[in-house]
Amino acid sequence: MSTVLRFLTSRWGPIITGTVVGVLAPVLVMLGNPGNMGICVVCFTRDIAGALGLQRAGTVQYIRPEIIGFVLGALVAALAFKEFKPRTGSAPLVRFLLGMFAVFGALVFLGCPWRAYLRLAGGDWNAIFGILGLVAGIGLGIVFLRMGFSLGRSRPAPKAVGWVMPAIMVMLLVFLIVAPQFGRDASGNPTGPIFFSTTGPGSQHAPLLISLAVGLFIGFLAQRSRFCTVGAVRDMIMLKDSHLLNGVIALIVVAFITNFALGQFHPGFASQPVAQTNEWWNFGGMALAGLAFTLAGGCPGRQLFLAGEGDGDSAMFVGGMLVGAGFAHNFSIASSAAGPSAFGPITVIVGLVICVIIGLTMREAVATAKA
Amino acid sequence: MNNNIEIVDARGLSCPQPVMLTSKAIKKLNKGAIEVLADSGTARDNVSRLGKNSGWAVTVEEQPEGSYRIVLKK
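Note that the protein sequences, when read in sequence, are chains C and Y. Counting from 1, position 243 in the first sequence corresponds to residue 248 in this note's numbering; the numbering is continuous, with no gaps. Counting from 1, position 14 in the second sequence corresponds to residue 449 in this note's numbering; the numbering is continuous, with no gaps.
Now the structure itself:
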């Protein structure tokens, strides 16, 4: 057992994590999750925002146990390996904003980097434009990093700070199980404050305990292996380091094989599940997301795992994603199967401008000194 | 050789800054010692991997307050 656990911090760690995600994500689809959405951190956060009433698009409301599992699984791993280190203070408000804009961009494409890779592995060729956009956004982020971009240092914080996000996840689990309905609609029928879709993607989900177990398992593995779907591309471009990229390649290859074996591989552009075919805004949306994730230091999954380790700044990014997901539907930013929504494209442009300003203006004093 | 010791304080910095600062120090020194201070397991692992991949001998010490002192020597 200890050999296996040591393996997770070796160069095999990201590959093992990617392989596990590559098998389990398509299995979650087989068990009820929406097509090519075994795991999608942004979509699932959006569904949680809907379930909490932050957006009222009736088809995307569900408290996704996978997200709860990601944070709590990472928490367990961090506690077990003495890596639970509460910290905060690295430009939390900017991270909140970056979380919002990352979600805006990702919901124009209709998926986070995890789902972009999973869509590709399911034969959804629209994902190619999303992934190209993601790489472009990460590339732009690297330009800012090389120019000295930094959100500043975090500082050790009281233990309580680190427990906030895990506590919120436990609360979400209680809401998921209890699903309180003490509101009343115009006809007097019970409704809210927790909303679950009865039609559409929000109504499609694998059994609760299986989703939660998969989330916990992946959260544990990813905390140990530092799996990151954005860091993978960033480290390859910037440092010629394929450590994390090997994990993403494993994810895509294994998910392709699993989809093929389960009869879930449907190649093409048209009629893909929870997808739109506008290549320009698939590219643009993910360029914005890639830039925002790079400036914040990691993909949305990584932000959840770090939040599980006690990182209050990543928790702020997750908070930004949750609020941003509410805005994305209330302000007609998120795309639909018909294509980009009324304010999706302009939001991507505004988001890119704001992220470029953040990239150009956030600096920290040089931290290297001669002894 | 005292003038070949570089100290990198990467405590509190997000990915990939600890590795970027260490990489800069590696490029600056052809040989000598680089002492990197880090406070997360991720930074510790990434800096160690960079050092080993660049041909430096790496030792890691855990400090009493939970941070790490990673020494790269060549």
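C-beta atoms are modelled at their ideal positions from N, C-alpha and C, and glycine is treated no differently.
- Kindly indicate if chain Y contains any beta-carbon less than 7 Å away from that of Ser159/C. yes
- For Lys90/C, return the contacting residues in chain Y, with the cut-off set at a CB-CB distance below 8 Å. Asp474, Ser475, Gly501
- Give me the Cβ distance between Phe225/C and Ala82/C, rounded to the nearest whole Å; I'm assuming they're in contact under 8 Å. 5 Å
- Which residues, in order along the stretch 445-467 of chain Y, keep a beta-carbon less than 8 Å from a beta-carbon of chain C? Ala445, Arg446, Gly447, Leu448, Ser449, Cys450, Pro451, Gln452, Val454, Met455, Leu456, Ser458, Lys459, Ala460
- Query: Roughly how many angstroms lie between the CA atoms of Tyr67/C and Arg124/C, to the nearest whole one?
  - Reply: 21 Å
- Could you give the distance in angstroms between the alpha-carbon of Ser7/C and the alpha-carbon of Leu311/C? 23 Å
- Sheet register partners of Asp316/C (DSSP bridge): Arg92/C
- Please classify Thr457/Y: is it buried, with 16 or more other beta-carbons within 10 angstroms of its beta-carbon, or exposed? buried
- Nearest-angstrom Cβ-Cβ length linking Phe114/C and Met291/C, presumed shorter than 8 Å: 5 Å
- Item | Pick from Pro350/C, Leu300/C, Lys164/C that is closest to Arg151/C, judged by C-alpha positions | Leu300/C
- Query: Do you know how far the Cα of Ile53/C is from the Cα of Ser208/C?
  - Reply: 12 Å
- In whole angstroms, what is the alpha-carbon distance linking Pro163/C and Phe261/C? 44 Å
- Mind pulling the chain C residues with CB within less than 7 Å of Arg504/Y? Those within 7 Å of Arg504/Y in chain C number zero; the least Cβ separation is about 13 Å.
- Task: Check Phe310/C in the structure and name its three-state DSSP category.
- Result: helix
- Message: For Leu507/Y and Ser230/C, what's the separation of their Cα atoms in angstroms?
- Response: 22 Å
- Please compile the residues from chain Y whose C-beta is within a distance smaller than 9 Å of the C-beta of Arg239/C. Cys450, Pro451
- Residues of chain Y with a CB under 8 Å from the CB of Leu156/C: which are they? Ser449
- Query: Mind pulling the chain Y residues with CB within less than 9 Å of Arg11/C?
  - Reply: The premise fails here: Arg11/C is roughly 12 Å from chain Y at the closest Cβ pair, so nothing lies under 9 Å.
- Query: Where DSSP assigns a beta bridge to Ala492/Y, which residues make up the other side?
  - Reply: Lys508/Y
- Task: To the nearest angstrom, report how far apart Thr263/C and Tyr122/C are at their CA atoms.
- Result: 14 Å
- Message: Tell me the rounded alpha-carbon separation between Ala184/C and Pro195/C.
- Response: 11 Å
- By the 10 Å Cβ neighbour count, where 16 or more other Cβ atoms means buried, how is Phe298/C classified, buried or exposed? buried
- Item | Other residues of its chain near Leu13/C: CB distance less than 7 Å, five sequence neighbours each side excluded | Ile21, Leu226, Arg229, Ser230
- Query: Since Ala334/C meets chain Y, which of its residues come closer than 9 Å, beta carbon to beta carbon?
  - Reply: For the record, residue 334/C in the displayed sequence is His; it is not Ala. Result: empty, since nearest Cβ-Cβ is about 29 Å, beyond 9 Å.
- Report yes or no: do three or more beta-carbon pairs, one from the stretch 237-255 of chain C and one from the stretch 141-155 of chain C, lie closer than 8 Å? yes
- Task: Locate the alpha helix (DSSP H) running through Gln452/Y, then write down its first and last residues.
- Result: 452-463
- Specify the secondary structure class of Met436/Y as computed by DSSP and reduced to three states. Its pLDDT being 47, under 50, Met436/Y is placed unreliably by the model, and nothing is read from it.
- What is the DSSP secondary structure of Tyr67/C, reduced to helix, strand or coil? coil
- Buried or exposed: which applies to Glu497/Y, given that a residue is buried once 16 or more other Cβ atoms fall within 10 Å of its Cβ? exposed
- Query: Under 7 Å Cβ-Cβ, which residues of chain Y neighbour His248/C?
  - Reply: Arg484
- Would you please state the rounded distance, in angstroms, between the beta carbons of Val258/C and Gly27/C? I believe it to be under 8 Å. 7 Å
- Looking at the C-beta of Thr494/Y, does it have a partner C-beta in chain C at a distance below 7 Å? no
- Reduced DSSP category for Arg2/C - H, G, I as helix; E, B as strand; rest coil: Look at the range of chain C in this structure, 6 to 376, and you will see that residue 2/C is not part of it.
- Distance, Val32/C Cα to Gly268/C Cα: 11 Å
- Task: Could you tell me which chain Y residues have their CB closer than 9 Å to the CB of Ser95/C, listed as they occur along the chain?
- Result: Gly447, Leu448, Ser449
- Message: Taking a contact to mean a Cβ-Cβ separation below 7 Å, would you say Leu59/C touches Gly331/C in this structure?
- Response: yes
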